[in-house]
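Protein chains: 2
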Amino acid sequence: MSSSPPAPMSGAELALRLLAAFRDLVDALHVELAEHGHSDARPLHGFALQAIGPDGATAVELGDRLGVSKQAAGKTVDALVDRGYARRDADPGDARRKIVTITPRGHEMLALSAEIFGRLRDARAAGIGDDMPAFERSLRALAPDLGSGLDSPGWFAR
Amino acid sequence: MSSSPPAPMSGAELALRLLAAFRDLVDALHVELAEHGHSDARPLHGFALQAIGPDGATAVELGDRLGVSKQAAGKTVDALVDRGYARRDADPGDARRKIVTITPRGHEMLALSAEIFGRLRDARAAGIGDDMPAFERSLRALAPDLGSGLDSPGWFAR
DNA sequence: TATGATGGACAACTAAGTTGTCGAATACAG
DNA sequence: CTGTATTCGACAACTTAGTTGTCCATCATA
């Protein structure tokens, strides 16, 4: 009973499956994060924390890195500060600037995310098997520039 | 100068590239749609039209198919009607129900989308080459169920 | 025929984004 | 060293796409 050769994927199916695969990974991540005391973390928060980086950033810099307006970045910082993932301090050398830095809890969440993401990746790779290196090669060809992945208002809702 | 072997992809990179590839396809689609008289179409609208289907649907049915509340589905129908992609008519047999159906302009937009999506898919496949069948196989393994791809509030913003 | 379920509408709210405005602080040209 | 221009953060109003909750008219049924 040879299964019929799979039909080539339509453009719409390709797009939908790429989205579904992304959502599957991110949803699974946040289920596990919630189980480890980070039930208030949203997908946006992890990306924003990474964009803040070890040296901190101002709202304007963060907006540039995420590809959103400084106002939107400011609101994201509010959310991170509310949840204890980041803090905002005055810049001693420039009274206009406020430096946003990652708190210990923020670092903990980032480390946990990396660990969970790694396990998720391994589980997905096991399902793909030998084709995984080729899959990664193809995916890199399909989406060569990563920076632009962040400037996606609304991609992180819920 | 052999390029160094590409590092295996981290979980976060995998997720981001899946999102970036999806966004690339959908953004390109809407650029072309806009060039053909559908500048007011949003990604959500195409998916909603497909969910309405040839036989029409009520707001409740549409909400079920898209995985959102009937209120959200009703708002989406408002948007589709505003843009001339769908119409709402009374159900002759049940005064509570309003049947939403696709207008000729809606069908035209769907057909155009399929055509553009097909060309986009071919262009991306050309960049991937021989690995495309394997890529599709792997992607199907990564995201086996498509239905859940639609219930993504916020994925269609902008 | 009384009761309960269904479908749609309305209102108020959330989350993430946008533009526009503004004042305070800094940078810099003359 | 002073006047102008820029930068940064804050605030307000709006947009999109969603959510709950409430309510009424209509339909199905015990």
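Residue numbers (the UniProt record's numbering), protein chains in the order written: chain C, 1 to 158; chain H, 1 to 158.
The beta carbon of each residue, even a glycine, is placed where N, CA and C say it ideally should be.
Source: prediction; values computed, not measured.
Mind checking whether residue i and residue j have CB atoms under 8 Å apart?
i: residue 128 of chain H; j: residue 142 of chain C; result: yes
i: residue 52 of chain H; j: residue 62 of chain H; result: yes
i: residue 98 of chain H; j: residue 88 of chain H; result: yes
i: residue 121 of chain C; j: residue 138 of chain H; result: no
i: residue 15 of chain H; j: residue 26 of chain C; result: yes
i: residue 13 of chain C; j: residue 8 of chain H; result: no
i: residue 100 of chain C; j: residue 68 of chain C; result: no
Please return the same chain residues whose Cβ sits closer than 6 Å to the Cβ of residue i, not counting the five positions on each side in sequence.
i: residue 132 of chain H; result: 125
i: residue 113 of chain H; result: 46
Of all Cβ atoms in chain H, is any one closer than 8 Å to the Cβ of residue i?
i: residue 52 of chain C; result: no
i: residue 128 of chain C; result: yes
i: residue 25 of chain C; result: yes
i: residue 9 of chain C; result: yes
i: residue 118 of chain C; result: yes
i: residue 124 of chain C; result: yes
i: residue 49 of chain C; result: no
i: residue 19 of chain C; result: yes
i: residue 137 of chain C; result: yes
i: residue 65 of chain C; result: no
When the cut-off is 8 Å and only beta carbons count, does residue i lie next to chain C?
i: residue 131 of chain H; result: yes
i: residue 61 of chain H; result: no
i: residue 80 of chain H; result: no
i: residue 39 of chain H; result: no
i: residue 149 of chain H; result: Its pLDDT being 47, under 50, residue 149 of chain H is placed unreliably by the model, and the measurement read from it follows with that caveat. Yes, because at least one Cβ of chain C sits closer than 8 Å to the Cβ of residue 149 of chain H.
i: residue 56 of chain H; result: no
i: residue 140 of chain H; result: yes
i: residue 6 of chain H; result: yes
i: residue 114 of chain H; result: yes
According to DSSP, residue i sits in a beta bridge with which residue or residues?
i: residue 102 of chain H; result: H/86
i: residue 57 of chain C; result: C/100
i: residue 94 of chain H; result: H/91
Excluding the five sequence neighbours on either side, which residues of its own chain have a C-beta within less than 8 Å of the C-beta of residue i, listed in chain order?
i: residue 85 of chain H; result: 41, 45, 49, 102, 103, 105, 106 and 109
i: residue 134 of chain H; result: none
Touch test, the region 15 to 22 of chain H against the region 53 to 71 of chain H, Cβ-Cβ under 8 Å, three pairs minimum: Short answer: they don't touch.
Stretch pair the region 29 to 42 of chain H + the region 28 to 35 of chain C: three plus CB contacts closer than 8 Å: Touching, no.
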